[in-house]
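Peer 1:
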Amino acid sequence: MASSVQPVPATDGGTFRGVPVHEAVEDLRLAWTSRYLDDREIALQKQSRVFFQIAGAGHESLLLGLARYLRPAYDWFFPYYRDRALLLGLGVTPEEILLQAVGSAADPASGGRQMPCHWGHRPLHVVSQSSPTGSQCLPAVGCAEASRYISRRSMPGCEAHGDELTYVSLGEGATSEGEFWESLNTACTLHLPLLYVVADNGYAISVPSDEQSPAPVSELVRGFRGLQVHPLDGTDYFAVRAAAPEIVAAVRAGVGPALIHARVTRPYSHSAADTQSKYRSAAELAEEAANDPITRLETALLSGGVLSESELSALRDAAREEVMAAARRALASPRPDPVTVTDNVVALPVIPAGDEDADDKTGEVVAFGEAIKRTLAERMAADERIRVFGEDVADAREVVLADVEGKGGVFGTTHGLQRRFGLARCYNTPLAEANIVGRAVGQAVRGLRPAPEVQFFDYIWPAMQQIKSEAATMRWRSNGAWTCPMVLRVPIGGYLTGGAIWHSQSGESIFTHVPGLIVVMPSRAADAAGLLRTAFACEDPVLFLEHKHLLRQPYTRDPFPSPGYRIPLGKGRVVVDGDDLAIVTWGATVEKSRQAAAALADDGVSVRVIDLRTLAPWDREMVADAVADTSRLVVVHEDVMTSGFGAEVAAWAGEHCFSDLDAPVRRVAAADTHVAYEPGLEKAILPQVDDILAAARATLSY
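Going left to right, the sequence shown walks through residues 18 to 719 as my numbering numbers them.
Quick look at the structure:
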């Protein structure tokens with residue numbers, strides 16, 4: 018909402034040091050507004066009316082000078098927590114900033130869900146900010162590459178401008194993070210319109226810059242070809258105004274990314290939880306105070322005759338009054354209703370009841386892996402927003418493509434997609450899992466439907482921050498203002514005979530523990546196609562786990578489903594029906610459970626085998642019905658026993674189906690160890706049909 022406080026009139030017309038006078042005066046007012054917001058939040062935090070505080074003090078001249086050349090609602094912004102003055106310069110009001118500080122339901126950034134200075138403003142293209150330092154750099158790269166892709170096409174829900182740029186900022190300390198360097202690698206390789214702003218206030222909390230790295234970041238990055246590097250004095254407003262037009266214009270013109278390394282100050286402690294006098298000397302703090310950017314700007318405007326002492330005093334008063342009035346309104350605003358805490362965690366797509374019956378079963382019979390490949394091609398043909406990328410997913414370099422067979426992924430599931438759709442839609446990435454997923458997050462917030470691939474589940478861990486902190490929290494942390502529609506495909510699992518520890522891991526339970534992440538794990542061709550189609554209809558991130566052992570197994574083969582066939586998330590499948598015992602399973606152990614059921618049938622035992630198909634959400638109703646009908650339950654999975662997802666199923670059944678159970682719930686799982694290379698060891702570690710039979714017979718003995 019607009020402020021009722023008007024800026025003090027400045028000298029009419031003219032420029033001062035090359036800057037329009039009215040802009041310099043207005044930016045001084047905004048600088049004081051930013052500083053008074055810091056002060057007001059600190060005071061309210063001491064009164065327990067604000068619950069955390071982190072200051073933007075010392076960064077004002079840098080950010081307000083840059084804001085003059087950036088375009089809100091046109092460019093895209095991935096700011097960090099000290100960018101308070103930038104947000105004011107883009108048009109966010111003091112009241113909107115304070116609504117977050119007090120935890121108001123009206124907070125446009127998060128509805129009271131995030132701590133102060135975790136920016137987000139969809140109308141202005143300020144993407145919801147998370148807390149991990151440096152992790153915003155990779156989504157910013159994805160956003161910038163989405164800009165290039167979208168600007169050349171017309172797609173629903175996607176808009177871009179040919180000369181827009183993506184702004185991403187971070188502190189000097191955060192440049193120690195690997196994701197910053199991964200982002201530079203891709204930004205420079207692709208010559209993306211990305212503006213990095215590194216605000217160097219000398220410290221990462223209490224750790225000085227010279228203990229963080231061997232040289233200033235502006236020196237360290239000079240090996241990146243195509244990166245324009247600009248050291249700046251960020252405490253000098255006029256120096257920023259002089260340098261920024263050319264820097265920004267070059268990025269807009271498509272020259273490539275630029276990095277501003279700006280020296281700034283930090284007059285206040287890192288945050289309300291920090292006291293910098295514990296590790297900074299009084300002399301150092303006094304020297305820093307002498308270089309305060311607001312003081313420098315005031316002195317320049319006074320000595321230049323732009324403002325008088327009385328005008329300057331009136332300007333400060335106007336800024337202070339505006340902040341005080343905004344604070345009163347924010348404190349009077351409504352607080353979030355506790356019943357809403359689970360709103361906007363995830364939103365499952367509504368699949369019409371008839372879609373699961375839409376398959377006429379007349380399609381060509383295909384195996385599991387072929388069903389995935391065909392579904393990807395089908396969805397890419399229907400939706401230009403879908404882009405497939407990852408390590409080795411493309412076929413080959415364009416110059417040799419006509420003369421070679423093409424790679425198309427380690428398992429061939431993306432073979433031919435580059436040939437059919439071109440490199441803009443199926444392309445290789447660096448060998449860097451965080452890079453792959455982080456770029457997908459940035460593309461998703463632009464309205465695309467990225468389908469990144471992590472080559473092996475065993476190597477997904479470098480991407481964990483992007484999956485858990487960026488993708489899975491996007492909807493919740495922004496209170497529904499932003500979503501992250503991506504389908505992350507990952508080959509998973511063992512039973513490979515030689516896969517060993519680094520190519521045989523399961524671990525799906527780790528991801529089912531992440532709110533906001535959908536986890537899918539089909540076991541046969543028709544389910545793979547039906548669930549992958551549904552995944553692309555989701556507005557939230559989907560982890561689509563493709564079991565490596567199943568990709569070409571004959572028993573996974575099905576007629577390729579008709580185009581309208583889709584499977585609702587959270588709906589299991591009865592593989593074999595029976596009345597004496599229920600086995601709940603998923604992935605590669607579905608077939609082993611079916612074999613165990615067949616062996617028990619020879620003994621006259623009727624077993625119901627359920628394939629959950631999706632694990633987040635999972636089909637509690639189907640499990641409850643099975644327990645009610647059979648009174649006995651065995652849960653089988655490939656992951657290790659301790660804290661495997663089977664523990665969740667067993668605990669839920671014990672809590673909600675206790676009166677229907679005539680025997681303890683049993684679990685069959687891998688040994689609590691890693692998967693070995695030698696086949697005999699692998700067999701001993703992973704669950705086998707005999708293990709399932711033993712558990713079933715023990716349960717039936719009650």
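Beta carbons are placed, not taken as given, at the ideal position from N, Cα and C, and that holds for glycine.
#1: Give the list of continuous alpha helix (DSSP H) stretches no shorter than 4 residues that lie fully inside the stretch 556 to 619.
#2: For Thr357, which option in Asp707, His76, Thr659, Ala122 has the closest C-alpha, if you only look at C-alpha atoms?
#3: Across the stretch 602 to 616 and the stretch 654 to 665, are there enough close Cβ pairs to call them in contact, namely three or more that are closer than 8 Å?
#4: Let me confirm a value: Ala489 is counted as buried when at least 16 other C-beta atoms fall within 10 Å, else exposed. Which label applies?
#5: Find the nearest neighbour of Thr110 within the set Gln131, Gly137, Arg130, judged by alpha-carbon distance.
#6: Start and end of the beta strand (DSSP E) containing Arg466?
#7: Check whether the Cβ atoms of Ala480 and Pro467 lie closer than 9 Å to each other.
#8: Please report whether the beta-carbon of Ala335 lies at a distance below 9 Å from any beta-carbon of chain C.
#9: Apart from the five residues on each side of it in sequence, which residues of its chain come closer than 7 Å, Cβ to Cβ, to Ala260?
#10: What's the C-alpha gap between Gly188 and Ala498?
#11: Are three or more beta carbon pairs between the stretch 78 to 91 and the stretch 113 to 121 nearer than 8 Å?
#12: Short check: CB of Asp677 to CB of Ser648, under 9 Å?
#13: Using 10 angstroms around the beta-carbon of Ile709, count the other beta-carbons present and answer buried if the total reaches 16, otherwise exposed.
#14: Counting beta carbon pairs with one atom in the stretch 387 to 404 and one in the stretch 568 to 582, are three or more of them shorter than 8 Å?
#15: Using the rule of at least 16 other Cβ atoms within 10 Å of the residue's Cβ for burial, across every protein chain shown, is Val367 buried or exposed?
#16: Inspect the beta-carbon positions of Thr50 and Glu326 and report whether they are closer than 9 Å.
#17: Report the partner residues of Arg683 according to the DSSP bridge assignment.
#18: Looking at the secondary structure, which residues open and close the beta strand (DSSP E) in which His278 lies?
#19: What's the call for Gly240, buried or exposed, on a 16-neighbour Cβ count within 10 Å?
#20: Let me know if Gly533 comes out buried or exposed under the rule of 16 or more other beta-carbons within 10 Å of its beta-carbon.
#21: Any idea what DSSP makes of Pro248, helix, strand or coil?
#22: Does DSSP put Trp478 in a helix, in a strand, or in coil?
#23: Taking all protein chains shown into account, decide if Asp309 is buried (16 or more other Cβ within 10 angstroms of its Cβ) or exposed.
#24: Relative to the C-alpha of Phe473, which residue among Gly439, Ile518, Gly464, Leu465 is closest?
#25: Relative to the C-alpha of Asp92, which residue among Val265, Leu79, Gly386, Val383 is closest?
#26: Consult DSSP for Gly631 and reduce its assignment to one of helix, strand or coil.
#27: Using only the alpha-carbon positions, how far apart do Leu448 and Val504 sit?
#28: Among the residues of its own chain, which have a CB less than 6 Å from the CB of Lys390, if the five just before and after it don't count?
#29: Identify which residue in Asp44, Gly587, Glu487, Lys588 has its Cα closest to the Cα of Val257.
#30: Assuming Leu105 contacts Pro89 (C-beta within less than 8 Å), just tell me the rounded distance between them.
#31: Which residues mark the beginning and the end of the alpha helix (DSSP H) in which Ala267 is found?
#32: How about His530 and Asp475: do their beta carbons lie closer than 9 Å?
#33: Closest to Arg5 by C-alpha separation, out of Tyr220, Ala232, Phe553, Val234, would be which residue?
#34: Could you tell me the alpha carbon to alpha carbon distance between Arg34 and Val471, rounded to whole angstroms?
#35: Note down, in chain order, each residue of its chain lying with its Cβ closer than 7 Å to the Cβ of Thr28, except the 5 sequence neighbours on either side.
#36: May I ask which residues mark the beginning and end of the alpha helix (DSSP H) holding Ile484?
Peer 2: With the given structure in hand:
#1: Whole alpha helix (DSSP H) segments, 4+ residues: 606 to 618.
#2: Comparing Cα-Cα distances from Thr357 to each of Asp707, His76, Thr659, Ala122, the minimum goes to Ala122.
#3: Segments in contact, yes.
#4: A residue is called buried when at least 16 other Cβ atoms come within 10 angstroms of its Cβ; Ala489 meets this threshold and is buried.
#5: Comparing Cα positions, the closest option is Gly137.
#6: For Arg466, the enclosing beta strand (DSSP E) stretches over residues 466 to 470.
#7: The criterion of a C-beta distance shorter than 9 Å is not satisfied by Ala480 and Pro467.
#8: The structure shown contains no chain C; it holds only a single protein chain.
#9: His247, Leu249.
#10: So the two alpha carbons sit approximately 26 Å from each other.
#11: By the C-beta criterion, the stretch 78 to 91 is judged not to be in contact with the stretch 113 to 121, since fewer than 3 inter-stretch pairs fall below 8 Å.
#12: It is a contact, given that the beta carbons lie within the stated cut-off.
#13: Taking all protein chains shown into account, Ile709 has 16 or more neighbouring C-beta atoms within 10 Å of its C-beta and is therefore buried.
#14: Touching, yes.
#15: Exposed is the call here.
#16: No, these two residues do not count as a Cβ contact at 9 Å.
#17: Paired residue(s): Val651.
#18: Its beta strand (DSSP E) spans residues 275 to 280.
#19: Counting Cβ neighbours within 10 Å, Gly240 comes out exposed, since fewer than 16 surround it.
#20: Flag for Gly533 reads buried.
#21: Strand, per DSSP.
#22: Reduced to three states, the DSSP call for Trp478 is helix.
#23: Label assigned to Asp309: buried.
#24: In terms of CA proximity to Phe473, Ile518 leads the group Gly439, Ile518, Gly464, Leu465.
#25: Per the Cα distances, Val265.
#26: Residue 631 is actually Thr in this sequence, not Gly. If DSSP states are grouped into helix, strand and coil, Thr631 belongs with the strands.
#27: One C-alpha to the other measures close to 19 Å.
#28: A distance below 6 Å between beta-carbons, with the five flanking residues on each side excluded, links Lys390 to the following residues of its chain, in chain order: Thr430.
#29: Among Asp44, Gly587, Glu487, Lys588, the Cα nearest to that of Val257 is on Asp44.
#30: Not confirmed; about 11 Å, so no contact.
#31: According to the DSSP assignment, Ala267 belongs to the alpha helix (DSSP H) that extends over 254 to 269.
#32: His530 is not a Cβ neighbour of Asp475, given a cutoff of 9 Å.
#33: For the chain, the structure presents residues 18 to 719; residue 5 sits outside this window and is missing.
#34: The alpha-carbon separation between Arg34 and Val471 amounts to approximately 52 Å.
#35: In this predicted model, Thr28 has a pLDDT of only 46, less than 50, meaning its place in the structure is not dependable enough to derive any value.
#36: Segment: none, Ile484 is in no alpha helix (DSSP H) and carries neither H nor E.
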